[in-house]
Amino acid sequence: MRYQSALVLSTLAVGQAAASSHGHANFHKRHDVKRDAQDVDWSNVAFDLSNVDWSKVDYGNGAASTAPAAPTPTPAASEPEVLATPAAAEPASYEASTPAPEPAASSSAAPAPAASSEAPSSGSSGSDFASDILDGIDALVSKLGAQLGLNSKTENGQIWIGEGGKHSATFTNTADKEATLFCWGKTTMWINANQPLISIKLGPGESQKLSAADGFSGGCGAAFDDSNLFMGLLNESILEFTFGAGANGCFDISREINMKGVKLTAKGAKCTSGFDGSGDSCTFICTASGAERCGEGGGDYAIDVGSSTNGPCMVGKDPYTGDAAGGCQMADDGGEHLEVTIHGSRY
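Here the sequence shown stands for residues -19 to -1, 1 to 328, where the numbers follow mature numbering (1 follows the signal peptide of the UniProt record, and there is no 0).
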């Protein structure tokens, strides 16, 4: 799969801004439009998958690419200014103030209203999800410097909590500590500046099912108490997906943002991506040995087929740029369900 994470990393690494992509085959594309990073309105960056001609995508007859094609040389550019993530505002205090002593009043005076100390709720529980997945989520999200998710519990054409979608994914936290699960759409992966679609808490051993609409493209990732953001992106391994039937649907675990991120495993109907118990399976990784992230100093990216099988793990090239492309195919009937494991360890 070609997704926004590498798009952002590659363009920032060379001091360029992202231009909109014309299809799924360009999610990992490096653009040649030169601008200043600070002039980009990231909330308006969008990616449309509807016009991709899948018959022109070269998957190399299932042969794995050992290295991606050499990137097109780009003009030298000054290093972009990295804007610090604004500090999260301190949560408002809802402690009731002590009223000043009142002078004696006649019995006919109206009583003063009682002061309220109840804080607004971050969300209510429902029968379709664990009652505590939103408890305390405000503080967890604020500490990370992200925004609170939409957390819809009904069908919204994207991704939501519970049942009712053509596609779904169940996330299970196998760590011995709490994890915060974030999910975003095509234009909301910068979760410091955009409202993600999902931000929920998963305690040790807890699971939560999410549903997704057909054709929806986005990603999810898990944050622990030691996680942070990189230029607004969750600085961890992430799950990327476009929900659809067979080769028109695709998912993968990408380690491009942080090669030492939290280990994730995503198992679908045909293919498994991510950590397989000893190494990687159908996972996007940096090509440079010892790289912490792809892009500047980390080389390019490629799919590590690992223990997966070529075919279900699509390995090919972007027909327009020659960049590495692919990922796990989804179920042929169009009703994919992913089992996603959040491990308690890092790479």
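For each residue, glycine too, the CB sits at the ideal point set by N, CA and C.
It should be emphasised that the depicted structure is a prediction, and the values quoted were computed from it without experimental measurement.
| Item | Value |
| --- | --- |
| Cβ-based burial, residue 169 [other Cβ within 10 Å; buried from 16] | buried |
| N-terminal and C-terminal residue of the alpha helix (DSSP H) that residue 285 is part of | Unbroken run through residue 285 is the beta strand (DSSP E), 282 to 287; no alpha helix (DSSP H). |
| Inter-stretch contact (C-beta, 8 Å, three-pair minimum) for the region 121 to 135 and the region 293 to 300 | no |
| Simplified DSSP state of residue 6, which is helix, strand or coil | In this prediction, residue 6 has a pLDDT of 37, which is less than 50 and means its spatial position is unreliable; what the coordinates show is noted afterwards. Three-state result, residue 6: helix. |
| Residue 264 CB to nearest heavy atom of the ligand GTP below 7 Å | For the ligand GTP, the structure offers nothing, since it holds no ligand at all. |
| Per-residue DSSP class, three states only, for residue 201 | strand |
| Within 8 Å, strictly: CB atoms of residue 181 and residue 140 | no |
| Alpha carbon of residue 207 to alpha carbon of residue 258, nearest angstrom | 23 Å |
| Residue 144 burial status per 10 Å Cβ neighbour count (16 or more: buried) | exposed |
| Touch test, the region 172 to 189 against the region 232 to 242, Cβ-Cβ under 8 Å, three pairs minimum | no |
| Minimum length 3: unbroken beta strand (DSSP E) runs contained in the region 128 to 191 | 140 to 142, 148 to 154, 160 to 165, 179 to 183 |
| Closest residue to residue 155 among 328, 275, 244 (Cα-Cα distance) | 244 |
| Nearest candidate by alpha-carbon position, reference residue 269, set 262, 212, 285 | 285 |
| Inter-residue spacing [alpha-carbon to alpha-carbon] between residue 218 and residue 202 | 7 Å |
| Cα-Cα separation between residue 330 and residue 237, rounded to whole angstroms | The chain is shown only over -19 to 328; residue 330 falls outside these bounds and no answer can be derived. |
| Secondary structure of residue 61, DSSP reduced to three states | Bear in mind that the predicted position of residue 61 carries a pLDDT of just 40, short of 50, making it unreliable; the figure below should be weighed with that in mind. In this structure, residue 61 counts as coil in the three-state DSSP scheme. |
| Strand pairing of residue 222, partner residues [DSSP] | 199, 232 |
| Candidates 157, 187, 311: closest to residue 113 by CA position | 187 |
| Sufficient close CB pairs (3 or more, under 8 Å) joining the region 246 to 264 to the region 309 to 316 | yes |
| Residue 225 vs residue 261 beta-carbon contact at 8 Å | no |
| N-terminal and C-terminal residue of the beta strand (DSSP E) that residue 323 is part of | 318 to 327 |
| Buried versus exposed call for residue 161 [16 or more other C-beta atoms within 10 Å across all chains shown] | buried |
| Same chain only: Cβ atoms within 6 Å of residue 266, ignoring 5 sequence neighbours per side | 236, 285 |
| Identity of the residues DSSP links to residue 239 by a beta bridge | Note: residue 239 sits in no beta bridge, so no partner. |
| Residue burial classification, residue 158 (beta-carbon count within 10 angstroms, cutoff 16) | exposed |
| Distance CB(residue 163)-CB(residue 189) smaller than 8 Å | no |
| Residue 150 to residue 222 span [Cα, whole Å] | 11 Å |
| DSSP three-state assignment for residue 124, whether helix, strand or coil | helix |
| Simplified DSSP assignment, three categories, for residue 271 | coil |
| Bridge-paired residues (DSSP) for residue 246 | 255, 322 |
| Contact set for residue 316: own chain, Cβ-Cβ below 8 Å, skip 5 residues either direction | 147, 148 |
| Secondary structure of residue 297, DSSP reduced to three states | strand |
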